[in-house]
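Scroll down for the structure; my scribbles are underneath it.
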Amino acid sequence: MSKSNLTRRGVLRTGAVAGAGLAMPTFFSAGSASAFVNDPGNGPVTLGFNVPQTGPYADEGADELRAYQLAVEHLNGGGDGGMLNTFSSKALQGNGINGHKVEFVTGDTQTKSDAARASAQSMIQKDGAIMITGGSSSGVAIAVQGLCQEAGVIFMAGLTHSNDTTGKDKKANGFRHFFNAYQSAAALAPVLASRYGKDRKFYMLTADYTWGWTQAASMKAFMEDQGWTMVEDVRTPLSATDFSSYMTEVQTSGADVLILNHYGGNMVNSLTNAVQFGLKDKTVNGKQFEIVVPLYSRLMAAGAGEAVKGILGSTNWHWSLQDEGSKAFVKSFGTKYGFPPSQAAHTCYVQTLLYADAVTRANSFNPCDVVAALEGFEFDGLGNGPTLYRADDHQCFKDVLVVQGKQNPESQFDLLEVVEKTPVDKVMYAPDNEFFAGGDLGTCNPGA
Amino acid sequence: MDAILLQTLNGLDKGSAYALIALGLTLIFGTLGVVNFAHGALFMVGAFCAVTVSRLLTLSYTVIDETRTDFLGNPMKVDMPYLKSWLGETVGGTIIDWSVPLAILFTIPVMLVLGYAMERGLIKHFYKRPHADQILVTFGLAIVLQELIKHYFGANPIPTPAPPMLTGSFDFGALVGMDPNQVIYPYWRLVYFLFSAAIIGAVFAFLQFTTFGMVVRAGMADRETVGLLGINIDRRFTIMFGIAAAVAGLAGTMYAPIISPNYHMGMDFLVLSFVVVVVGGMGSLPGAVLAGFLLGVLESFSSMNEIKNILPGIDQIIIYLVAIVILLTRPRGLMGRKGVMEE
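Residue numbers (our numbering), protein chains in the order written: chain A, -13 to 434; chain B, 456 to 798.
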């Protein structure tokens, strides 16, 4: 028999000390000499790239990581400089960020909120990352944005399209360059109405999480404004793979348009199913049946193969754009990796440059100075035309691309064609718009 | 009426995938007594056999087309499949189009060998271990297979279309005398249903009408006695493992045009298939098939909007609800018999 040394007091004392230690993350206790967390001092600066490296979005994550590596190379003066040469702000000189050489660490979000928070936290605490960026899902972006606000580092969101990221869940330390569900709907609605007519009945299948909800609400509002009537909005679980029983319901619903508020694997499967069930060739109410995918990802659309042909949707950026910024980016990326970048890669590259530029203009890594430099910042030359980083909600405002699945693609990358560029004033909204209401930006947190 | 007909067709289609996987699971459980959590992964490997065949048939050499340019402004490199240049555009193109049905010929030997290797190389060492250990090792194996597939094929779904003449849909309603344009159903899903029925029939015929099958059935009923009669039952059970793997693989191969294969598709089917096995009755082959179709149809009907408006979310839980009810009222499942797997 062994004798236990456990006593009630001993356990309580150890528990209290351990609990206090655990409850107080190191970024609150360490670095008291500095005015902000993870001050690079005179050494190199570390950026944290938090992208899905495993799980169903791993390929999109890999493309984001390629873009980040390219951005770091350009910031440190390597390569051909990419969009540094076309960026309207000339603060970046190819000498790192404000003279500090740029290094990076990567984390794996797994497209799960808890895993993404854990990897971001580890990069902040262990690796000293001063800025976190990346991601391929709004659920993850909102979770990591919240963490960065608490930790006192800047979060430059990757691919996130939910209204909530810069709506009810906006944070002072978080910034989004990517467009959002409201802007997609605002850009698509007039195009859909002019092509398919005003008297239409639409049916929606919606992924059951933050992005899907806001996308469905936005599409409903804008299409009803155009005179369309909603038959049904059906929520589908994120884990769904076979959408055949949903398609059956669409067939017998009397609707003549199907809107798929799905992204990634969901979109590939639901669109494939819809086409297999002959919806594209169907005539309902005397009209040609139409399918719409509000948010396109060229990378993922490849999974749907032939099914994307002729389908309308929107996208943040496309490699076929012919402005100087896009051409420079496609050239650097294509030369280095052998294929054109995705919209996820583009937004991640741009976010890194925007952060570096803000630090350089503010001449400070202090998150509060960076926030001040980014708020209300107007720029051009990064592939989307003149763009504003609005101070009220840290959302970028720029033209939105309406795209269509190409009928005769010339290569495996040539899946979408831009059919309309909706000007920024058509997708602008007030900061207190009902789709974005309820949140509070708060104040910037430097962490220390 | 049209909605009910459509959902029945859908249910039979889903059910045929469940039934094929559950049939394989039951074969393994009934013969070797192993709970094989890697069975979903075998289904996924089967789907990737279709992808592999399609890639092999489209192996290409590069031709430089000076008249067109790629995204960087360089002359466009066009892939020319060897098959098309050897056999001509029509014959080569037709063979490439029919890659999924052709993949069946590839899947059967690959899956038989994979199943055999899995059983001899890993699972046989776990026969005398508790079920929990078997579950852990097969689950681990499933993850290894998934990651291997992801390493070679990436994480994105890979479109693997059916032959062009079978990709469209047809007016099923008009065939059975309903108003035209009411019940439109994809050809390939009907092909899948018929294919599954054929495979299920073949497995049952094999077990029922061959000496090999008779010995296996005897071994399932009483392994020890069959062994005492001087029959090497272990070797036959190993072959059954290979056959079960081939059934799962074929189910996956033919499923590729329905859902673009991705590395985690097996997991989506695995849990459901276990429920199917339990509902059907552990160790009962007809039970697995019956429960597969039954749950497929129930799942389809529960996703009708009329039903979801009364019971929201019912389509997500119906299968588990039915499982609970059946286990409470018939603890051995629909067709489970007393004394089977109950030592």
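For glycine and all other residues, C-beta sits at the position ideal for the given N, C-alpha and C.
Note that this is a predicted model, so its numbers are computed, not measured.
{"Query": "Distance between A:Glu136 and B:Cys504 (C-alpha atoms, nearest Å)", "Result": "48 Å"}
{"Query": "Minimum length 4: unbroken alpha helix (DSSP H) runs contained in the region 513 to 600 of chain B", "Result": "537 to 542, 544 to 552, 554 to 576"}
{"Query": "Identity of the residues DSSP links to B:Arg690 by a beta bridge", "Result": "None; B:Arg690 has no bridge partner."}
{"Query": "Sub-8 Å separation of A:Val217 and A:Ser239 beta-carbons", "Result": "yes"}
{"Query": "Contacting positions in the region 156 to 175 of chain A - beta carbon closer than 8 Å to chain B", "Result": "none"}
{"Query": "Cβ pair A:Gly369, A:Phe315 closer than 8 Å", "Result": "yes"}
{"Query": "Cut-off 7 Å between Cβ atoms - residues of its own chain near B:Met531, not counting five sequence neighbours on either side", "Result": "Asp520, Arg523, Thr524, Asp525"}
{"Query": "Range of the contiguous alpha helix (DSSP H) that encloses B:Phe659", "Result": "642 to 664"}
{"Query": "Residue-level contact to chain B via CB, A:Ala44, 8 Å cutoff", "Result": "yes"}
{"Query": "Cβ of A:Ser108 within 8 Å of any chain B Cβ", "Result": "no"}
{"Query": "Boundaries of the beta strand (DSSP E) in which A:Arg221 is found, first to last residue", "Result": "215 to 222"}
{"Query": "Bridge partner(s) assigned by DSSP for A:Lys187", "Result": "A:Thr215"}
{"Query": "Straight-line Cα distance separating B:Met566 from A:Val345", "Result": "57 Å"}
{"Query": "Complete alpha helix (DSSP H) runs within the region 118 to 150 of chain A (minimum length 4 residues, chain order)", "Result": "124 to 137"}
{"Query": "Endpoints, beta strand (DSSP E) assigned at A:Leu368", "Result": "A:Leu368 -> no beta strand (DSSP E), and no H or E assigned at all."}
{"Query": "Rounded separation between B:Val744 and A:Gly160 - CA only", "Result": "53 Å"}
{"Query": "CB contact below 8 Å: B:Ala474 versus chain A", "Result": "no"}
{"Query": "Per-residue contacts from B:Arg523 into chain A (C-beta, under 8 Å)", "Result": "Glu396"}
{"Query": "A:Tyr282 to B:Phe667 span [Cα, whole Å]", "Result": "54 Å"}
{"Query": "Where B:Leu461 meets chain A, residues with beta-carbon distance less than 8 Å", "Result": "Thr234, Gln237, Thr238"}
{"Query": "Distance between B:Glu602 and A:Val58 (C-alpha atoms, nearest Å)", "Result": "29 Å"}
{"Query": "Three-state secondary structure assigned by DSSP to A:Cys334", "Result": "helix"}
{"Query": "Beta-carbon proximity of B:Met790 to B:Ser739, cut-off 8 Å", "Result": "yes"}
{"Query": "Cβ contact check for the region 165 to 180 of chain A and the region 402 to 411 of chain A: 3 or more pairs under 8 Å", "Result": "yes"}
{"Query": "Backbone CA spacing between B:Pro564 and B:Ala701 [nearest angstrom]", "Result": "8 Å"}
{"Query": "A:Val38 versus A:Val279 - alpha carbon distance", "Result": "Looking at the sequence itself, residue 38 of chain A is Pro, so the reference to Val does not match. The straight-line gap from Cα to Cα measures roughly 23 Å."}
{"Query": "Proximal chain B residues relative to A:Lys273, where beta-carbon distance stays under 8 Å", "Result": "Here the premise fails: no neighbours, minimum Cβ distance about 13 Å."}
{"Query": "Closer than 8 Å at the beta carbon, the chain B residues around A:Asp228", "Result": "Lys469, Ile713, Ile714"}
{"Query": "Backbone CA spacing between A:Glu210 and B:Val506 [nearest angstrom]", "Result": "43 Å"}
{"Query": "CB contact check: B:Asn760 to chain A, cutoff 8 Å", "Result": "yes"}
{"Query": "Cβ shell of A:Gly425 (< 7 Å), same chain only, five flanking positions each side left out", "Result": "Gly153, Lys154, Asp155, Lys156"}
{"Query": "Beta-carbon neighbours of A:Ser231, restricted to chain B and to distances below 7 Å", "Result": "Gln462, Asn465, Ser755, Ser758"}
{"Query": "Where A:Val254 meets chain B, residues with beta-carbon distance less than 7 Å", "Result": "Pro612, Ser715"}
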